[in-house]
Amino acid sequence: MARIIAIANQKGGVGKTTTCVNLAASLAAMKKRVLLIDLDPQGNATMGSGIDKYSVQHSIYDVLVHMATIADVVQRPEQGGFDVVPSNRDVIAAEVELVDVEHKERRLRAALSVGSAIYDYVLIDCPPTLNMLTLNAMVAADGVLITMQCEYFALEGLSDLLGTIGRIAQSVNPELVVEGILRTMYDPRNSLTNEVSNQLHEHFGDKVYRTVIPRNIRLAEAPSHGVPVMYYDRYSRGAKAYMALAGEILRRAERAGQAADPALAQTTE
1 MARIIAIANQ KGGVGKTTTC VNLAASLAAM KKRVLLIDLD PQGNATMGSG
51 IDKYSVQHSI YDVLVHMATI ADVVQRPEQG GFDVVPSNRD VIAAEVELVD
101 VEHKERRLRA ALSVGSAIYD YVLIDCPPTL NMLTLNAMVA ADGVLITMQC
151 EYFALEGLSD LLGTIGRIAQ SVNPELVVEG ILRTMYDPRN SLTNEVSNQL
201 HEHFGDKVYR TVIPRNIRLA EAPSHGVPVM YYDRYSRGAK AYMALAGEIL
251 RRAERAGQAA DPALAQTTE
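Here the sequence shown is numbered in the UniProt record's numbering, starting from 1 and rising by one per residue.
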């Protein structure tokens with residue numbers, strides 16, 4: 001059964017799409033079957049994966065309005081090793097069309113109940129706003145991976161997002177948890193970065209990934225070439241950081257699986 005992770009932040013420009021694309025590629029490099037779902041009408045994850053959003057015939061829009069299944073719209077980029085459900089501006093129309101539809105927030109969940117069976121991980125790139133698309137992602141997800149910069153207003157924005165996740169967990173998706181908090185565009189030479197980072201560890205403990213994503217020019221350049229950074233410069237700090245993140249996520253999943261199985265946990269002690 002796939003682990004479904006929504007990658008979200010209500011603030012734009014914090015490495016959300018960069019994380020979605022490069023984490024998908026890194027998990028795929030570790031022999032995991034990965035599906036990336038682009039829910040952002042900007043289609044940046046689609047383009048960053050090497051798929052031309054302007055030539056897409058079918059997108060996540062068709063899935064949300066029940067005109068197609070996940071299998072109908074999925075594409076495989078030339079590089080990356082993962083599958084993509086693409087997005088473009090058409091997705092904006094889905095919000096309008098679903099306004100009066102019953103259980104509109106469960107459309108993606110219903111599609112993934114069938115479409116995710118062949119994958120180990122499903123990563124959902126959410127829009128940088130709390131709207132019906134983001135709500136669909138969080139209702140469908142097992143966990144939310146929060147990307148954030150260590151800057152002045154970050155903790156306030158994080159508090160708002162955690163409140164949103166809590167409300168969705170209480171009302172619609174009781175299985176939803178915070179998967180982890182990822183520090184992006186990280187510069188340890190900045191005193192504010194270190195201060196905010198320390199506060200994150202103090203308040204959220206193990207929910208904060210040990211891996212940090214550095215400011216890295218190769219990460220910024222890779223999307224313009226339509227490839228994850230590991231296919232643009234595998235030796236760059238950005239590529240190495242996302243491989244480290246994938247490894248950390250897999251280790252966490254392995255520990256969680258052992259904890260859920262008492263007999264297995266005893267054999268590893």
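Ideal placement from N, C-alpha and C gives every residue a C-beta, glycine not left out.
Kindly indicate which three-state DSSP category residue 271 falls into: helix, strand or coil? Since the first residue of the chain shown is 1 and the last is 269, residue 271 is not available in this structure.
Under a Cβ-count criterion, where at least 16 other Cβ atoms within 10 Å of its own Cβ denotes burial, should R183 be classed as buried or exposed? Burial is judged here by how many other beta carbons sit within 10 angstroms of a residue's own beta carbon; R183 has at least 16 and is buried.
Excluding five sequence neighbours on each side, which residues of the same chain lie with their C-beta closer than 7 angstroms to the C-beta of H201? The residues are V208.
Take G238 and list the residues in its own chain whose beta-carbon comes closer than 6 angstroms to its own, dropping the five residues that flank it on each side. By the criterion of a C-beta distance shorter than 6 angstroms, G238 is surrounded in its chain by N216, R218, L219, V229, once the five residues flanking it on both sides are discounted.
Output the boundary residues of the beta strand (DSSP E) element that contains Y61. Run containing Y61: none in the beta strand (DSSP E); it sits in the alpha helix (DSSP H), 60–64.
Test item: CB-CB of A137 and A8 under 8 angstroms: Yes; because the gap between Cβ atoms is below 8 angstroms, this pair is in contact.
Looking at C-beta atoms only, is the number of pairs between the stretch 137–148 and the stretch 90–109 that lie closer than 8 angstroms three or more? Touching, yes.
Can you list, in chain order, the residues of its chain with a C-beta nearer than 7 angstroms to that of A225? Leave out the 5 residues immediately preceding and following it. Note that residue 225 is His in the sequence shown here, rather than Ala. Excluding residues up to 5 positions away in sequence, Y232 lie with their Cβ nearer than 7 angstroms to the Cβ of H225 in the same chain.
What's the C-alpha gap between R3 and T69? So the two alpha carbons sit approximately 19 angstroms from each other.
Using a Cβ-Cβ cutoff of less than 7 angstroms, which residues in the same chain neighbour A71 once the five nearest sequence positions on both sides are dropped? Contacts found: G115.
Would you mind stating whether residue 300 and S197 have Cβ atoms separated by less than 8 angstroms? The displayed coordinates of the chain run from 1 to 269. Any statement about residue 300 would go beyond what the structure contains.
Whole angstroms is fine: what's the gap from V122's alpha carbon to V34's? The straight-line gap separating the alpha-carbon atoms of V122 and V34 is approximately 6 angstroms.
So, are the CB atoms of A28 and V65 less than 8 angstroms apart? Against a cut-off of 8 angstroms, the Cβ pair of V65 and A28 comes out as no contact.
For A6, the first and last residue of its enclosing beta strand (DSSP E): Note, A6: beta strand (DSSP E), 3–8.
Residues near T193 by beta carbon distance below 7 angstroms, same chain, minus five either side: Cβ within range, chain order: C150, Y186, D187.
Buried versus exposed, by CB contacts within 10 Å (16 or more), E179: By the neighbour-count definition (other C-beta atoms within 10 Å, threshold 16), E179 is a buried residue.
First and last residue of the beta strand (DSSP E) that includes G180? G180: member of the beta strand (DSSP E) spanning 177–186, first to last residue.
On the DSSP letters alone, give me the boundaries of the beta strand (DSSP E) that T211 sits inside. In this chain, the beta strand (DSSP E) harbouring T211 covers 208–214.
Three-state secondary structure assigned by DSSP to Q75: For Q75, the three-state secondary structure derived from DSSP is strand.
In whole angstroms, what is the alpha-carbon distance linking M1 and I124? The straight-line gap from Cα to Cα measures roughly 16 angstroms.
Is D83 helix, strand or coil by DSSP? In the structure shown, D83 sits in a strand (DSSP, three-state: E or B).
Tell me the start and end of each unbroken alpha helix (DSSP H) in the stretch 124–155 that is at least 4 residues and wholly inside, in chain order. Whole alpha helix (DSSP H) segments, 4+ residues: 132–140.
Look at L158 and I168 and say whether their C-beta atoms are less than 8 angstroms apart. Contact flag unset, no.
Below 8 angstroms on the Cβ atoms is my guess for D241 versus T211; work out the distance and round it to an integer in Å. The identity of residue 241 in the sequence shown is Ala, whereas the question assumes Asp. Indeed they touch by this definition, with Cβ atoms about 6 angstroms apart.
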